[in-house]
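Here the structure comes first, spelled out in structure tokens, and everything after it is commentary.
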Amino acid sequence: MSLVHLANTCSHLQNATKARLGLTSIPDTKFHLGLMLALQNSGFLSTVVRGGPTPPPAHNLLSHPSSSDPEHPIEQVTRHNISSRRLWLGLKYWNSSPVLEKMSLVSKPTRRIWMDVTGLQKLVLGKNSGYVKGMTRTGECLFVSTDRGILEARECVERKLGGMLICRVR
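With positions in the sequence shown counted from 1, the corresponding number in the working numbering is that position plus 67.
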């Protein structure tokens, strides 16, 4: 898990929403995929599709791609094309403003922040825990890397899980 690459991804997504792009891509890693699927489950992204260096066809963005489609077969991942794999993300807008306004890292590459359930509970209730500010804005989410994958902080409190704070999204 590289937080340096995640910092680049956070600023890329912010810039893409400010530029009003409908589709953008980031490097395909397991960590990026887990975070982007968590963002999609929270409603910040419309689609997450694995693909190559060119954007996937529109029908792959709207539904599950079929491997039996003769026009657009699913490209198999090999050791020769692994570096060119991308995650294609569909960005969402509501009333001409981006749903994903700001995405910032909480843990930095030089300082990783781990929190237990009681600390996460304080953050969810809007109180500060340590030197991490609580979630006070409407629609704000905090994503946590746990041993069960990347989850939103409220879900971690429900499941009584702690972990490393990754990023804050609003």
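All C-beta atoms in this analysis are idealised placements derived from N, C-alpha and C, irrespective of residue type, glycine included. Since we're looking at a predicted model, the values are computed, not measured.
Query                                                                                                                             : Result
Burial state of residue 176, where buried means 16 or more other Cβ atoms lie within 10 Å                                         : exposed
Cβ neighbour criterion (16 or more within 10 Å) applied to residue 225                                                            : exposed
Beta-carbon proximity check, residue 154 vs residue 103, cutoff 7 Å                                                               : yes
Own chain residues within Cβ distance below 7 Å of residue 232, not counting five before or after                                 : 173, 174, 180, 182, 199, 209, 211
DSSP state of residue 201 mapped onto helix, strand, coil                                                                         : coil
C-alpha gap between residue 125 and residue 83, whole angstroms                                                                   : 19 Å
Residue 160 versus residue 111 - alpha carbon distance                                                                            : 9 Å
Collapsed DSSP secondary structure at residue 117 in the structure displayed                                                      : strand
Chain-order list of residues whose beta-carbon lies under 8 Å from that of residue 207 (same chain, five-residue window excluded) : 235, 236, 237
Distance between residue 170 and residue 119 (C-alpha atoms, nearest Å)                                                           : 25 Å
Residue 95 burial status per 10 Å Cβ neighbour count (16 or more: buried)                                                         : buried
Close Cβ partners of residue 151 (< 8 Å) along its chain, the five nearest in sequence each way excluded                          : 119, 120
Same chain, Cβ closer than 6 Å to residue 186, neighbours up to 5 away in sequence not counted                                    : 196
Residue 69, DSSP secondary structure in three states                                                                              : coil
Identity of the residues DSSP links to residue 153 by a beta bridge                                                               : 94, 118
Distance, residue 101 Cα to residue 117 Cα                                                                                        : 12 Å
Buried/exposed call for residue 145, threshold 16 Cβ in 10 Å                                                                      : exposed
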